[in-house]
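The block underneath contains the structure these notes are about, expressed in C-alpha cells.
Protein chains: 2
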Amino acid sequence: MWQNKAEEKRQSLFDAIPTDWILSKDISDSLPKNLTKIPLNCGILSSLDIEITEIDEIEELADRIARGRYSAVDVTTAFCKRASIAHQLVNCLAEICFVEAFERAKFLDEYFRSTGGKTLGPLHGIPISFKDQFEIKGRETAMGYIGFLGRLAERNSILVESILQLGGIIYVKTTLPQTIMAGETQSPLLGVTLNPWNRSMSSGGSSGGEGALVALKGSICGFGTDIGGSIRIPCCVNGLYGLKPSSGRISYGYVKNSFDGQESIASVIGPMTRSLKNISFLLKSILDLKPWLNDPNVCPLPWRNDLFNEGQMKPLCFGVIRFDQCSQLSPPVQRALQMSIDALEKSGHQIVEWDTTDFPQAIEMAIKLFTADGGKDVQEALNLSGEPLLKTAIVGKPEDEISVHQYWKLNAMRRDFLLKYAEKWNQSQNLTKTGRPIDGFLSPIHPLPAFPSDFPLSAGYTAVFNFLQLSLVILPITRVDLQLDREIDSYRNSTKLNEIDEVYKNFYDDPEKFENSPIGLQVVCRRFEEEKAIRMAMILENALKSSFYSE
Amino acid sequence: MWQNKAEEKRQSLFDAIPTDWILSKDISDSLPKNLTKIPLNCGILSSLDIEITEIDEIEELADRIARGRYSAVDVTTAFCKRASIAHQLVNCLAEICFVEAFERAKFLDEYFRSTGGKTLGPLHGIPISFKDQFEIKGRETAMGYIGFLGRLAERNSILVESILQLGGIIYVKTTLPQTIMAGETQSPLLGVTLNPWNRSMSSGGSSGGEGALVALKGSICGFGTDIGGSIRIPCCVNGLYGLKPSSGRISYGYVKNSFDGQESIASVIGPMTRSLKNISFLLKSILDLKPWLNDPNVCPLPWRNDLFNEGQMKPLCFGVIRFDQCSQLSPPVQRALQMSIDALEKSGHQIVEWDTTDFPQAIEMAIKLFTADGGKDVQEALNLSGEPLLKTAIVGKPEDEISVHQYWKLNAMRRDFLLKYAEKWNQSQNLTKTGRPIDGFLSPIHPLPAFPSDFPLSAGYTAVFNFLQLSLVILPITRVDLQLDREIDSYRNSTKLNEIDEVYKNFYDDPEKFENSPIGLQVVCRRFEEEKAIRMAMILENALKSSFYSE
C-alpha cells in the first residue's frame, strides 16, 4: 500500500531529528498563524544557534568561520536544529542528512585546524539546502513520488558536487509537489508544506520546501528549480530573494526531473536566499568552477562584471508589466508594483508601460509543450505506487498528446516567437529616453499575496518568462498591511475575466486573511543577463529604501 | 507536373547568366575530369577578374577594396562571372541575384566615393554566397523542394542581414540535396552538383553547392549548414577550410530547414572558405555585431582571444580518432591522418589514441532522433509537388515514428551521454603529458577521398560530433597521389564490416578513380571552443608545412 510507504518515509524523517530538537507539546498544540518567531522562542536554539542562523549574508557567515569565530560544527549544529524546528512547523524537509553533515563539518574543522586557518573554499562551513530533485549519493531522490522511494542516487548532482568543492555542507533536501508541476507543495508522499508567515496558506511551489525553510532561517540558501514559476512563487510568498537564470547558466547535470528530456522549455536551477548579495556571491562562486567543463549544456560564460555594471547605469529604463491579460492584480500586489515604480522614478529612472497582448499566445504554446506527451511521464511514475495524481498539477491528459511532427512544429513556432520578441524588445529603443532599448522589466509574480493549498494556479506572470528564456531576479517589496490594503472592493467586485480570475477575486474577501504576507516582484533581463538582473534588483531595492527614508 | 516546374527553374537560372558569360560549345563539349583550371582558360574572365578571384584571403581582398585598388563593382563582376562559369561546369547555383548584387556594389562604391574613402564595414565590397536555406527578401528559398518554389522570403535571414551590415554583397545561393539530409547534392529540382576536382564524383553534401562554388573560386566564402557532416563532407571532398561551430554560436534566425523545430541535434551554420584566417576573421566580424541581441538562441560569447591563444600552447595534446567502429579508412585518408600525426609530433605536440567504442551508440541515438517523426516533415514537403524522394536521403519511415514520451526519453539519454562524455574527456588528463585533458581531437571526415552521387553515406566520423555538440574546424591535408596511394589491396581485401564498408571497399578498386581528390581532416574541440579549434587547425597546418619543407 502506498499509504504505508508514505507514512514510513514521514516517520523516518522525524526519526532523523534528535529528541532534544523536538518542539514541546505546549508549543506545537497552540501554533499562531505566523510561525516565523517560534524558532527564536521555542527554547531549542542556543543564543549561538540564533546568532548564527540570523545572519542573512553568506559572505558574513563565511567570514566569521574563516576567522575562527564559529566552527563548521557550530554552524552545522545551528542550521540542523533550526531546520528541524522548521520541519515540525511547516513540513518542509524531504531528506535529512544530519549525520553526514556533521561528519563533513568535522572534516572541514580539521582541515582548518591542520592548515593553520585555511578554508576549503568560499563556502567553507556553510550548509546549503536542496530541493528533492538533486541527487545526493546514497540517498533517495523521491521527487514527490512514492514510487521513487528506495532508489538511491549513484552520484551527486553536478551542482551538489560544486557546493562541496566550494566548501559547503549538505544537510537537508526539501519538499516539492508530486509531478513538480504545481504552484504549491503537496504530495501523497509527504503531505502539505505550509507558509511560515501564515500557516493557513501554501508555501508556494514547486520549490515550496526551500521557500519555507529559508524563510524560517533553517537555511541561509537553498537551490530550487523553475520551469513556470517554481522558484519565483515560493520566493514571493515567503519573502525571499531568488534567481531564475537562463537555461545553460547553472548545471542541471544529474538532477532528476519530471518530463525528463523535455528541452523545449527547460527547467532551470537557481538560489533562493535572504539577500541579493548572496545571489551574486553564489553565482560567481559557482561560475568560477567552470561548470561547462563538466556539463556541455552550460555555456562558458564566466561571471561578467561589465554586465553587472550595466545594471547601474543611470538612468535605467524599466518596462512595467501590469497585466498578463488573464489575472488582474489584487490591491496589495498593485501597491507593491506602484511603490516600486514611484521609488525608481524618484531615483531618476524611466518607467515605460509594456505591451503584454502577446502573453496569452506564449502561455498557450507553453501549455501545449508541457502536455505534449499526454501525461505519460507522470502516469508512469504514478503507476509505480498506485498513488493518486495531485489535483493541482499541470500535466497532460491523453487527449493532449501530439505527434513528434506536431511537437517539432510547435518548437519552431516558439523559436519564431522568441525572434519576434527580441525584435520587439530592440524596437523599444523608440520608447526610452536612454538611447537604448528597455534595460529590463518589472513584473508581478502572482496576482494574490498568498493562497492556500489545492488552489488553482495563475502562472501568466511567471511561465511567460520561462517560455522567453529570460533571466530574472526576485526580491521582496512589501507586506500586506491591514491599514494600507483595507480597500478590497475595486478588485473583488470588478469583472471576472475567467474561471481563475473569479476564484481569485472571490477568495480576496478580507485583507486579514493575508496579514503579513510578503509580496515580491521580479526584475527581468534578456537571456544570459543574470548579472544585469541582479544589479537592477539592487537598484530597485536601494530606490525603495531611500524612498522609504525620505518619506 | 513537377518536371516542368523544375525545368522552368533550371532555365531561369541559366537565363540569369549574361550571354557573354556562357561557355563556348568547344569547351563545354570536351570537359576534362578536373574542372578547376577551366575558369582561368575559358576566355570569359579578364585578367582583373582572375586576379580578384584568385585571392584566397578575405582581409587581403577587403584591404585592396578599401585602398581603392578595386571597386566593389570590379569585385562583384569578377565573382558573378566566375560563379556563372562554375554553375555551367558543376551545377552549383540555386538562386542568382546578380542584378541586386550590382545595385548593392554601386551603392557601396558611391558610399566609398562620397565619404572620401570610408568603407561600410570589414566586408565592404566582398560577395558572400549562401546555401539555399538562407532567406533573401523577395527571393525563393526552394531548399531543394519543387513544392517550395514560388514562396518568396519576407525578410532576410539574420546572418544575411549581418553580412550586409558588415558591407558584404549577396549575389548567389547554392544547391543542396532535397531533404538536406544527404551527403551528396542532388534534387529532382536542380539535378546533381558535381565535384570540380573530378566530375565523376559528387561535390559532397548537403552543402555541396557551396563546396563546389568555393573550390572553383566562384566565391571567396560561402555559408553552409551541418547537422551530420553537411559542411565537413563538401569541405573535405572539395579541398576547403570550414567551421562547424557549436549550436548557439552563429544565428540560425530565419533560416529555413528540414525538420524545422527538431532541436535535439541542432543544425548549425558555418563558413566554407579558402583559408583558416578567413574563418577567424568572419567569426570575429559576425560576433562583433552581438547577434545574441537579435536572436536569443545565440549565446552572448564575443570572440575570445584568450581561447584562441589557448590553441597555441605548446605542447598541445591531440586525441586521434582512427576508426568510427563502422567504416575503415581508405589508404589515402589513413595517409592524411598519419602525415598530420607525424607533423604534429615532429613539432613537439603529443598524440594519444582515443577510444571510440561508444561512437555507435551515439550514432544510433542520432538516427532515432532524426527519424522520430516517421518522415512526416519530408513527406509533407514532397506532397506539395508530387516529386519522388531522393534515394540517398536519411529520413524517417512511418515505422520509425515514436511518441513524444519516447522522444523525451531519447533526449534524456542523449544528455546523459554528453555528461558522461565530458567526464571521459576530463579524465583524459591521465593520458596526457600536459597536465590538462586532451586539447582537441584529430579526426577523419570520410573514409573515402571521394564518392559519386547515389552513393550510400558513412557519417560515423561526422554525425557523432553534432551529437556531442562539439566545435570543429576542417582543413585540407593532402590529395590522392597516384604514386603514394597505389597500394589498394590491404584496404580493399580486408574484412567487410557491414554493408556500407563493403560498398566502399569494393568501390576503391583503382587509385586513378580518385586522382587529385583532396583529403581533409577535422580538429575537434569542446562545445563553444571555436576559437581554440581554429588555432589548433592553424598549428596543424603550420606543422604540415614545416614538415614538408624539412623533408
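Protein sequences appear in the order of chains A and B.
Residue numbering for the first sequence follows our numbering, beginning at 42 and increasing consecutively.
Residue numbering for the second sequence follows our numbering, beginning at 42 and increasing consecutively.
Even for Gly, the Cβ is constructed at its ideal location relative to N, Cα and C.
None of these values were measured; they are calculated from a predicted model.
Below 8 angstroms on C-beta distance, what does residue i contact in chain B?
| i | result |
| --- | --- |
| A:Lys450 | Asp301 and Gly302 |
| A:Tyr186 | Those do not exist, as A:Tyr186 stays about 16 angstroms from chain B at its closest Cβ, beyond 8 angstroms. |
| A:Gly294 | Leu460 |
| A:Lys297 | What A:Lys297 touches in chain B: nothing, since even the nearest Cβ is about 10 angstroms away. |
| A:Ala463 | Leu334, Asn335, Asp336 and Pro337 |
Which one or two residues does DSSP pair with residue i in a beta bridge?
| i | result |
| --- | --- |
| B:Ile320 | None, per the DSSP bridge assignment. |
| A:Gly252 | Looking at the DSSP assignment, A:Gly252 forms no beta bridge with any residue, so it has no partner. |
| A:Glu136 | A:Lys214 |
| B:Val296 | B:Phe175 |
| A:Pro168 | A:Ile210 |
| B:Gly311 | B:Gly265 |
| A:Cys566 | A:Ser512 |
| A:Asn239 | A:Asn236 |
| A:Glu181 | A:Leu193 |
| A:Ser228 | A:Gly232 |
| B:Lys285 | B:Leu513 |
For a contact meaning CB atoms closer than 9 angstroms, what does residue i contact in chain A?
| i | result |
| --- | --- |
| B:Gln563 | Result: empty, since nearest Cβ-Cβ is about 18 angstroms, beyond 9 angstroms. |
| B:Arg533 | What B:Arg533 touches in chain A: nothing, since even the nearest Cβ is about 39 angstroms away. |
Comparing C-alpha positions only, which one of the options sits nearest to residue i?
| i | options | result |
| --- | --- | --- |
| A:Gln420 | A:Ser271, A:Ala183 and A:Ser299 | A:Ser299 |
| B:Asn197 | A:Leu460, A:Ser170, A:Arg345 and A:Glu195 | A:Leu460 |
| B:Val32 | B:Asn557, B:Pro429, B:Ile408 and B:Arg108 | With chain B running from 42 to 592 in the structure shown, residue 32 of chain B is simply not present. |
| A:Leu207 | A:Thr314, A:Arg145 and A:Val565 | A:Arg145 |
| A:Pro356 | A:Gly481, A:Gly311, A:Ala422 and A:Ser499 | A:Gly481 |
| A:Ser69 | A:Thr60, A:Trp62 and A:Gln129 | A:Gln129 |
| B:Glu202 | B:Asn539, B:Ser326, B:Gln44 and B:Gly250 | B:Ser326 |
| B:Ile320 | B:Phe506, B:Asp396 and B:Glu571 | B:Glu571 |
| B:Asn239 | B:Asp173, B:Val131 and B:Ser271 | B:Val131 |
| A:Cys340 | B:Glu101, B:Leu511 and B:Asp530 | B:Leu511 |
| A:Thr216 | A:Gly245, A:Ile204 and A:Gly191 | A:Gly245 |
| A:Gly289 | B:Phe569, B:Asp61 and B:Ala500 | B:Phe569 |
| B:Leu483 | B:Glu540, B:Ala384, B:Asp418 and B:Thr77 | B:Ala384 |
| B:Leu235 | B:Gly224, B:Gly249 and B:Met222 | B:Gly249 |
| A:Asp336 | A:Asp97, A:Pro559 and A:Val296 | A:Val296 |
| A:Arg455 | B:Asn338, B:Pro488 and B:Thr117 | B:Asn338 |
| B:Leu451 | B:Ile404, B:Ala422 and B:Thr475 | B:Ile404 |
| A:Lys417 | A:Leu410, A:Ile408, A:Glu442 and A:Gly84 | A:Glu442 |
| B:Ala500 | B:Ile435, B:Arg567 and B:Ser65 | B:Ile435 |
Please list the partners that residue i has in chain B, where partner means a Cβ-to-Cβ separation under 9 angstroms.
| i | result |
| --- | --- |
| A:Arg567 | Trp333, Leu334, Pro337 and Pro341 |
| A:Glu442 | Ser444, Val445 and His446 |
| A:Arg477 | The contacting residues do not exist; A:Arg477 stays about 11 angstroms from chain B at best. |
| A:Asp418 | His446, Trp449 and Lys450 |
Listing by chain order, which chain A residues have their CB less than 8 angstroms from the CB of residue i?
| i | result |
| --- | --- |
| B:Gln510 | Pro337 |
| B:Asp414 | Ser444, Val445, His446 and Trp449 |
| B:Lys178 | Those do not exist, as B:Lys178 stays about 15 angstroms from chain A at its closest Cβ, beyond 8 angstroms. |
| B:Asn467 | Leu334 and Asn335 |
Regarding residue i and the ligand MN, is the C-beta to nearest heavy atom distance less than 7 angstroms?
| i | result |
| --- | --- |
| A:Gly481 | Questions concerning the ligand MN fall outside what the structure shown contains, since it holds no ligand whatsoever. |
Residue i and residue j look like a contact to me (Cβ under 8 angstroms); what is the Cβ gap, rounded to whole Å?
| i | j | result |
| --- | --- | --- |
| B:Thr473 | B:Cys358 | 4 angstroms |
| B:Ala119 | B:Leu89 | 7 angstroms |
| B:Ile169 | B:Gly294 | B:Ile169 to B:Gly294, Cβ: 17 angstroms. No contact. |
| A:Ala194 | A:Gly209 | Between A:Gly209 and A:Ala194 the Cβ distance is about 17 angstroms, and since that is not below 8 angstroms, they are no contact. |
| A:Leu597 | A:Ile575 | The question about residue 597 of chain A has no answer here: the residues shown for chain A are numbered 42 through 592. |
| A:Val278 | A:Met313 | Actually they do not touch by this definition, with Cβ atoms about 12 angstroms apart. |
Closer than 7 angstroms by beta-carbon distance: list the chain B residues that pair up with residue i, in chain order.
| i | result |
| --- | --- |
| A:Ala407 | Neighbours of A:Ala407 on chain B: none; closest Cβ ~15 angstroms, over 7 angstroms. |
Mind pulling the chain D residues with CB within less than 9 angstroms of residue i?
| i | result |
| --- | --- |
| B:Asp542 | The structure shown contains no chain D; the protein chains it does contain are A and B. |
Cβ closer than 7 angstroms: which chain A residues qualify as neighbours of residue i?
| i | result |
| --- | --- |
| B:Ala453 | Asp301 and Gly302 |
| B:Arg576 | The contacting residues do not exist; B:Arg576 stays about 16 angstroms from chain A at best. |
Quick one: which unbroken alpha helix (DSSP H) runs of 4-plus residues sit fully inside the segment 358-401 of chain B? Chain order, please. 372-387
Which runs of the alpha helix (DSSP H) at least 4 residues long sit entirely within the segment 431-459 of chain A? Give them in chain order. Correct list: empty.
What beta strand (DSSP E) runs, 3 residues minimum, are completely inside the segment 463-546 of chain B? 481-485 and 512-520
Quick one: which unbroken beta strand (DSSP E) runs of 3-plus residues sit fully inside the segment 55-82 of chain B? Chain order, please. Unbroken beta strand (DSSP E) stretches of 3 residues or longer found wholly inside the segment 55-82 of chain B: none.
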